[in-house]
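Take a look at the structure below.
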Amino acid sequence: MSTLLALDTATEACSVALLHDGKVTSHYEVIPRLHAQKLLPMIQQLLADAGTTLQAVDAIAFGRGPGAFTGVRIAIGVVQGLAFALDRPVLPVSNLAVLAQRAHREHGVSQVAAAIDARMDEVYWGCYRETAGEMRLVGAEAVLPPEVAALPTDACGEWFGAGTGWGYGERIAVSLSGQDAGMLPHAEDLLTLARFAWERGEAIPADDAQPVYLRDKVATPKAR
Numbered sequence: 001m002s003t004l005l006a007l008d009t010a011t012e013a014c015s016v017a018l019l020h021d022g023k024v025t026s027h028y029e030v031i032p033r034l035h036a037q038k039l040l041p042m043i044q045q046l047l048a049d050a051g052t053t054l055q056a057v058d059a060i061a062f063g064r065g066p067g068a069f070t071g072v073r074i075a076i077g078v079v080q081g082l083a084f085a086l087d088r089p090v091l092p093v094s095n096l097a098v099l100a101q102r103a104h105r106e107h108g109v110s111q112v113a114a115a116i117d118a119r120m121d122e123v124y125w126g127c128y129r130e131t132a133g134e135m136r137l138v139g140a141e142a143v144l145p146p147e148v149a150a151l152p153t154d155a156c157g158e159w160f161g162a163g164t165g166w167g168y169g170e171r172i173a174v175s176l177s178g179q180d181a182g183m184l185p186h187a188e189d190l191l192t193l194a195r196f197a198w199e200r201g202e203a204i205p206a207d208d209a210q211p212v213y214l215r216d217k218v219a220t221p222k223a224r
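Below is the structure:
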């Protein structure tokens, strides 16, 4: 049975999750700007609690963005360091998909419009539909002004809004059955998505781990 480690630092939340001996354990904290100091100790504690070691891990999953530039870089740096040392593959997972998966787990919804506050008066946006327990992307992920966000052209039925981008909810012209604008990605849901990807053989070499920011000028301030 595979042992998978998942970690995420793309938003204000810092979380890790482990699948070992068929059991899932996780740790989740909302600790803005402390991810770099806290992530490795969280991983070590999680492994110790499960009675295993890094050497037992078959692959490492991570939130590849979109999200905070610094947070995504922290995750990739740690994942590549661990994966190179262990000679293990990695599993990049969209943070918007992780939000949708968490909404499915916590609210039982099957269609989710995931939105993360992208600052600069924009949101990271993606729409997901549940298939056999996995939230799958419908259309494409994008970064755009709240007013431009829309459901897929074939959308029908009820949709749930998840993520901090729904703080702009009054500007998003989408009808929802409910929403959670405080929801942040959780490594437990990242691990769920990573398990599907692992079973499909989608793991990649650590060399190929790349952040997905959706925005080209991630570190460039607006012109004055």
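Residue numbering for the sequence shown follows the UniProt record's numbering, beginning at 1 and increasing consecutively.
Backbone N, C-alpha and C define an ideal beta-carbon position, used for all residues, glycine too.
8 angstroms Cβ cutoff met for residue i and residue j
i: residue 60; j: residue 36; result: no
i: residue 194; j: residue 161; result: no
i: residue 66; j: residue 209; result: no
i: residue 177; j: residue 202; result: no
i: residue 137; j: residue 97; result: yes
i: residue 191; j: residue 56; result: no
i: residue 12; j: residue 30; result: yes
i: residue 116; j: residue 165; result: yes
i: residue 102; j: residue 211; result: no
i: residue 15; j: residue 198; result: no
i: residue 215; j: residue 148; result: no
i: residue 21; j: residue 187; result: no
Beta-carbon separation (whole angstroms), residue i vs residue j, contact threshold 8 angstroms
i: residue 172; j: residue 89; result: So it is not a contact: roughly 37 angstroms between Cβ atoms.
i: residue 213; j: residue 123; result: Incorrect: roughly 13 angstroms between the Cβ atoms, too far for contact.
i: residue 76; j: residue 62; result: 7 angstroms
i: residue 135; j: residue 100; result: 4 angstroms
i: residue 46; j: residue 27; result: 6 angstroms
Any chain D beta carbon closer than 8 angstroms to residue i
i: residue 130; result: This model lacks chain D altogether, as it is built from one protein chain only.
Element boundaries [beta strand (DSSP E), containing residue i]
i: residue 129; result: 123-131
i: residue 140; result: 134-144
i: residue 29; result: 23-30
i: residue 111; result: 111-117
i: residue 20; result: 13-20
i: residue 189; result: Element bounds for residue 189: not the beta strand (DSSP E) but the alpha helix (DSSP H), 187-199.
i: residue 68; result: From DSSP, residue 68 is part of no beta strand (DSSP E); its letter is neither H nor E.
i: residue 162; result: 160-162
Heavy atom of the ligand HEM within 7 angstroms of residue i beta-carbon
i: residue 48; result: The ligand HEM is not part of the structure shown, which contains no ligands of any sort.
Endpoints, alpha helix (DSSP H) assigned at residue i
i: residue 49; result: 35-50
i: residue 100; result: 95-107
Stretch pair the region 127-134 + the region 71-90: three plus CB contacts closer than 8 angstroms | Not touching, per the Cβ criterion.
Validate contact between the region 107-121 and the region 43-58 using beta carbons, cut 8 angstroms, 3 pairs = As far as the Cβ criterion goes, the region 107-121 does not touch the region 43-58, which means the pair count is below three.
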